[in-house]
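Each step along the sequence shown adds one to the number in the UniProt record's numbering, with nothing skipped, and position 301 is 301. All residues carry an ideal CB built from backbone N, CA and C; glycine is no exception. Everything below concerns the one structure shown next.
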Amino acid sequence: MDNQPHEGTENDSKSGSAKSQKAELKAALCELAHTKKEVEQARDAAAKSWLESKPLFDELDRIQLDLSKANSRVSKATTTISTIESQLVATNASIRSKQEDERERRRRIQEVKRHLDQRRGNVAMLHVEVTEERLAQTKLKQEHRFRRQSLQALQLRHRAARMETDICRASARSARRSIKHFKEEKPTVELQVEEYKELTRKANEQTTLADWRVSISMEQRRAAEKQQEKALRRLNEVHAHNWQMKAPKARDTAEEQDYIRNQQHLIPSTSQHNRLMQAKDREKSTTISKVPQRIRASKSGSTNKKIIKKPSVLGKIRSFLLRHIRKFFG
């Protein structure tokens with residue numbers, strides 16, 4: 001009795017497990033059917049999506065091809081960029097070196113400009129000095145020309161004085177002949193003492209005046225000669241300075257030397273001048289000594305005596321000299 005209930009429970013448990021297994025099997029079959037259905041749906045969806053994604057695959061292939069091309073271009077660009085970078089580095093180095101060269105060139109240009117400015121300043125100073133030297137030379141030439149004209153005028157006056165001296169000598173010789181002839185005709189000239197003294201005084205005054213004028217003329221001549229020598233010396237100094245600056249023209253030097261030689265030839269020497277003055281003094285002393293010594297002075301008591309005054313030879317000589325001296329000295 002005890003075994004029968006135990007078997008009954010086993011059978012119940014077996015039937016219950018069988019039912020549960022059937023239920024599970026049904027559930028599994030349902031789930032399998034559902035899964036098949038889903039698989040079919042998924043297959044259909046996959047086929048549909050594959051069909052739909054086929055253009056995308058083509059596009060993907062095209063994109064991959066483009067990407068490979070782009071990668072090749074990028075690699076080429078990278079190579080080019082590296083080359084360009086190396087060239088850029090070289091270019092930068094060249095630019096820096098050229099900039100350094102440009103700065104050095106500008107510095108040299110500035111230095112050359114500074115030297116040129118200094119040279120211009122020196123040239124301007126030289127131009128000013130040359131202009132001043134030319135002005136001084138022109139002034140000296142004008143002064144020399146003026147001195148030469150003055151010397152020529154003095155030489156003309158000296159020549160006129162020598163001609164006047166020759167005329168005076170000829171006049172003195174004529175006067176001596178006239179005095180000699182007058183002595184032979186009438187050895188005695190009657191003059192009062194006052195008249196004799198007056199004539200002697202006037203003759204001495206005229207002689208002194210003539211000597212004074214001749215001495216002034218000779219002093220002026222000597223002063224003109226000194227001034228001419230000074231002007232010539234200054235002109236030679238200017239020529240020597242210009243010879244250092246630039247070579248002078250040989251023609252001007254030859255002309256100056258010829259002119260100096262001509263002037264030295266025209267100017268009489270000091271010994272000639274002394275001989276001329278001594279001859280003039282001797283001539284004057286001879287003329288004065290040739291006046292008749294045998295002049296009989298009338299006494300102061302003989303006032304009733306009628307004296308006929310004749311123009312004396314001394315008066316004629318005096319008037320002649322005075323007339324020519326006035327004509328010469330103006």
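Taking the straight line between their C-alpha atoms, what separation do you get for residue i and residue j?
i, j, result
"V74", "K36", "50 Å"
"A45", "A28", "24 Å"
"G301", "K202", "Per-residue confidence for G301 stands at a pLDDT of 40, beneath the threshold of 50, marking its modelled position as unreliable; the derived number appears in the next sentence. Near 26 Å, if we compare the C-alpha coordinates of K202 and G301."
"L56", "V89", "46 Å"
"T91", "V123", "45 Å"
"Q264", "V128", "Confidence is the limiting factor: at Q264 the pLDDT is only 45, short of 50, which leaves the residue's position unreliable, though a coordinate-based value still follows. So the alpha carbons of these two residues sit roughly 36 Å apart."
"K26", "A42", "23 Å"
"residue 359", "D61", "Here the chain has residues from 1 to 330 only, and residue 359 is not among them."
"W50", "E59", "14 Å"
"E100", "G121", "31 Å"
"L39", "I84", "According to the sequence as given, residue 39 is Val; it is not Leu. In a straight line, the C-alpha of V39 is about 60 Å away from that of I84."
"A70", "K113", "59 Å"
"Q21", "A47", "37 Å"
"A77", "R103", "37 Å"
"T138", "N236", "13 Å"
"E111", "V130", "28 Å"
"E132", "L126", "10 Å"
"A23", "E52", "42 Å"
"A210", "E164", "11 Å"
"Q206", "E143", "37 Å"
"Q177", "T208", "According to the sequence provided, residue 177 is Arg. The question's Gln does not apply to it. C-alpha separation (whole angstroms): 24 Å."
"Q87", "I63", "34 Å"
"E229", "E219", "15 Å"
"L116", "R96", "29 Å"
"R108", "Q149", "59 Å"
"K197", "N204", "10 Å"
"A33", "L67", "46 Å"
"R105", "I81", "34 Å"
"I167", "T200", "22 Å"
"A18", "E31", "19 Å"
"L156", "A170", "21 Å"
"T79", "K98", "28 Å"
"K180", "E195", "22 Å"
"Q192", "S174", "26 Å"
"S94", "R119", "36 Å"
"S72", "L65", "10 Å"
"L154", "W212", "16 Å"
Three-state secondary structure (DSSP) at residue i?
i, result
"Q149", "helix"
"Q192", "coil"
"K284", "For K284, the predicted model reports a pLDDT of 48, less than 50, meaning its position is unreliable and no value from the coordinates is stated."
"K306", "Residue placement at K306 is poorly supported in this model, since its pLDDT is 38, which falls under 50; the coordinates still yield a value, given next. Reduced to three states, the DSSP call for K306 is coil."
Find out if the Cβ-Cβ distance for the pair residue i, residue j is shorter than 8 Å.
i, j, result
"L151", "E225", "yes"
"R222", "H158", "no"
"Q227", "R147", "yes"
"residue 362", "A161", "Outside the shown range of the chain (1 to 330) lies residue 362, about which nothing can therefore be said."
"R234", "L140", "yes"
Measuring from the CB of residue i, is there a heavy atom of the ligand ADP at a distance below 7 Å?
i, result
"L151", "No copy of the ligand ADP occurs in the structure displayed, which carries no ligand at all."
field: Secondary structure, beta strand (DSSP E): runs of 3+ residues fully inside the segment 82-163
entry: none
- request: Could you tell me which uninterrupted alpha helix (DSSP H) segments, each at least 4 residues in length, are contained entirely in the segment 31-71, listed from first to last along the chain?
  value: Listed in chain order, there is nothing to give.
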